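Since the structure comes first, as structure tokens, the remarks are kept for the end.
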Amino acid sequence: MGVTREQVLAVLAGFAAPGGGTIASRDIVRVLAVEGGAVRFVLEAESPEMARALEALRPDVEAKLRALPGVASVSIATSTASAAPPSLKIGGHPKPQAGPKPIPGVARVLAVGSGKGGVGKSTVASNLAVALARAGRKVGLLDADIYGPSQPRMMGVNRRPASPDGKTILPITAHGVTMMSIGLMLNDGEAVIWRGPMLMGAIQQMLEQVAWGELDVLIVDLPPGTGDVQLSLAQKVPVSGALVVSTPQDVALIDARRALSMFSKLGVPVVGLIENMSTYVCPNCGHEAHLFGHGGVAAEAKELGLPFMGELPLDLSVRLGGDAGTPIAAGEGPVAQAYARLAATLIETGAA
4 MGVTREQVLA VLAGFAAPGG GTIASRDIVR VLAVEGGAVR FVLEAESPEM ARALEALRPD
64 VEAKLRALPG VASVSIATST ASAAPPSLKI GGHPKPQAGP KPIPGVARVL AVGSGKGGVG
124 KSTVASNLAV ALARAGRKVG LLDADIYGPS QPRMMGVNRR PASPDGKTIL PITAHGVTMM
184 SIGLMLNDGE AVIWRGPMLM GAIQQMLEQV AWGELDVLIV DLPPGTGDVQ LSLAQKVPVS
244 GALVVSTPQD VALIDARRAL SMFSKLGVPV VGLIENMSTY VCPNCGHEAH LFGHGGVAAE
304 AKELGLPFMG ELPLDLSVRL GGDAGTPIAA GEGPVAQAYA RLAATLIETG AA
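Position in the sequence shown (first residue = 1) + 3 = this note's numbering.
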């Protein structure tokens with residue numbers, strides 16, 4: 004049996020990274036490939052000093068990896084990322100465009116939306132992206148929630164993307180997902196106070212000026228509601244489909260219907276509805292409770308003739324993983340399996 008990606012990452016988790024964390028937990032492992040007993044990747048340092056420290060660690064890392072059963076060869080390179088922030092300015096009026104234009108290299112654009120905030124839409128988006136990446140898809144994640152970008156925290160990323168020419172933005176890779184967020188361009192706690200045209204300009208830049216590369220699917224985490232960002236997305240790129248996230252209770256479903264109506268008016272097909280926070284299982288006694296009701300989204304999907312993509316549980320580990328920058332879908336267990344099933348369904352139906 005050959006070595007797996009998870010076994011390689013487990014070894015890397017045993018080496019402390021310069022400046023804190025481990026080689027696996029820091030955002031420094033690039034283009035990791037595990038094929039036929041050959042292990043290859045790049046350690047991308049944040050500074051020349053960090054690169055020298057990683058280079059000193061490299062022989063020990065290689066030795067540990069070669070000791071794994073099934074490893075035939077190990078190739079590790081070290082490089083230094085550009086530490087300079089992009090000189091380009093995010094925001095501003097959008098450029099005129101005659102209809103939606105495909106993003107070069109991106110096969111599908113899948114929007115994740117909700118009619119209201121607080122239903123776990125961003126958590127679903129990040130975990131779904133990681134689950135799809137673990138299933139072998141090439142995945143991008145665009146945090147389009149301009150006013151409340153949360154993906155940098157959830158994906159464990161805190162450094163600015165590089166821009167070699169002041170025009171092109173080089174996205175960040177985390178947990179096998181290529182990602183970009185306006186939050187990566189802001190200082191901690193800095194507020195975005197923009198009117199509609201500025202929002203639309205920022206969305207256009209993050210769609211067109213980010214070097215997304217070859218992707219099977221780009222997941223767009225939309226802000227809650229039905230506003231300028233949703234309209235701008237549909238006007239700028241051909242959106243393959245949309246997932247609508249809701250909790251089971253009637254109040255959330257009222258707003259979910261507005262999101263469904265919006266996607267219909269924008270000509271975006273809805274690939275399915277997801278019931279989030281569907282079931283809570285007590286970790287002490289195993290009692291199953293439905294804190295927000297249960298089955299409401301499935302019933303709504305049936306009434307509207309739309310696919311029901313499944314239920315996702317309410318679990319403390321989801322919140323802890325998001326706060327720690329390691330989505331629960333990156334690990335094992337019942338919750339990770341729920342996201343794996345959702346990812347498999349999207350792949351089977353051609354949505355991802």
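Note that the Cβ used here is the ideal one computed from N, Cα and C, for glycine as well.
It should be emphasised that the depicted structure is a prediction, and the values quoted were computed from it without experimental measurement.
Three-state class that DSSP yields for residue i in the structure shown
i, result
"Ser90", "Interpretation of Ser90 is limited by its pLDDT of 48, a score under 50 that renders its predicted location unreliable; the figure taken from the coordinates is listed afterwards. DSSP places Ser90 in coil when its eight states are reduced to three."
"Arg162", "coil"
"Glu49", "coil"
"Ala177", "strand"
"Met280", "coil"
"Val6", "coil"
"Val64", "helix"
"Ser82", "strand"
"Val115", "strand"
"Ala75", "coil"
"Thr126", "helix"
"Leu189", "coil"
"Ile222", "strand"
"Thr250", "coil"
"Phe44", "strand"
"Arg29", "coil"
"Glu351", "helix"
"Ile149", "coil"
"Val271", "coil"
"Leu309", "coil"
"Ser263", "The displayed chain sequence assigns Leu, not Ser, to residue 263. DSSP places Leu263 in helix when its eight states are reduced to three."
"Gly204", "helix"
"Ser243", "coil"
"Gly298", "coil"
"Gly325", "helix"
"Ala20", "coil"
"Ile106", "coil"
Anticipated Cβ contact below 8 Å, residue i with residue j, distance rounded
i, j, result
"Val122", "Ala255", "6 Å"
"Val37", "Arg61", "In fact, because the Cβ distance is near 18 Å, the residues do not count as touching under 8 Å."
"Ser125", "Met157", "7 Å"
"Val142", "Val180", "5 Å"
"Met203", "Met183", "Rounded, the Cβ-Cβ distance is 17 Å, inconsistent with contact."
"Gly40", "Ala75", "3 Å"
"Thr176", "Gln212", "No, Thr176 and Gln212 are not in contact; Cβ-Cβ is about 18 Å, not under 8 Å."
8 Å CB neighbourhood of residue i in its chain, flanking five on each side removed
i, result
"Ser320", "Ile331, Gly336 and Val338"
"Leu345", "Leu131, Ala134, Ile277, Met312, Gly313 and Leu315"
"Val271", "Ala114, Ala237, Val242, Gly244 and Ala245"
"Ala16", "Thr25, Ile26, Ala27 and Ser28"
Chain-order list of residues whose beta-carbon lies under 6 Å from that of residue i (same chain, five-residue window excluded)
i, result
"Leu3", "Absent from the structure is residue 3, since the part of the chain shown begins at 4 and ends at 355."
"Ser85", "Annotation note: pLDDT 48 at Ser85 (below 50); position unreliable, coordinate value reported separately. So the list reads Ala165, once near-sequence residues are dropped."
"Ala341", "Leu315"
"Leu173", "Pro164, Ala165 and Ala214"
"Ala343", "Ala134"
"Leu269", "Ala237"
Sequence-distant residues of its chain with Cβ nearer than 7 Å to residue i (five each side left out)
i, result
"Pro88", "In this predicted model, Pro88 has a pLDDT of only 44, less than 50, meaning its place in the structure is not dependable; the value taken from the coordinates is given anyway. Excluding positions up to five away in sequence, the list reads Arg163."
"Glu65", "Val77 and Ile79"
"Ala333", "Val133 and His178"
"Arg69", "Val77"
"Ala1", "Since the first and last residues shown for the chain are 4 and 355, residue 1 lies out of range."
Where residue i falls, given that 16 or more other Cβ within 10 Å makes a residue buried
i, result
"Leu144", "buried"
"Gly275", "buried"
"Ile257", "exposed"
"Ser90", "Note that Ser90 scores 48 on pLDDT, short of 50, meaning its location in the model is unreliable and no value can be drawn from it."
"Glu351", "exposed"
"Ser264", "exposed"
"Ser82", "exposed"
"Gly118", "buried"
"Pro152", "buried"
"Pro105", "exposed"
"Asp148", "buried"
"Gln140", "A small correction: the amino acid at residue 140 is Arg; Gln does not occupy that position in the sequence shown. Classification for Arg140: buried."
"Asp146", "buried"
"Ala302", "exposed"
"Ala304", "buried"
The stretch 175 to 188 in contact with the stretch 146 to 165 per 3-pair CB rule at 8 Å: yes
Touch test, the stretch 278 to 298 against the stretch 223 to 232, Cβ-Cβ under 8 Å, three pairs minimum: no
At least three beta-carbon pairs within less than 8 Å, the stretch 238 to 256 to the stretch 134 to 141: no
At least three beta-carbon pairs within less than 8 Å, the stretch 22 to 32 to the stretch 40 to 51: yes
Given 8 Å, three or more beta-carbon pairs between the stretch 247 to 265 and the stretch 212 to 221: Taking 8 Å as the limit for Cβ pairs, the verdict is that the stretch 212 to 221 does not touch the stretch 247 to 265.
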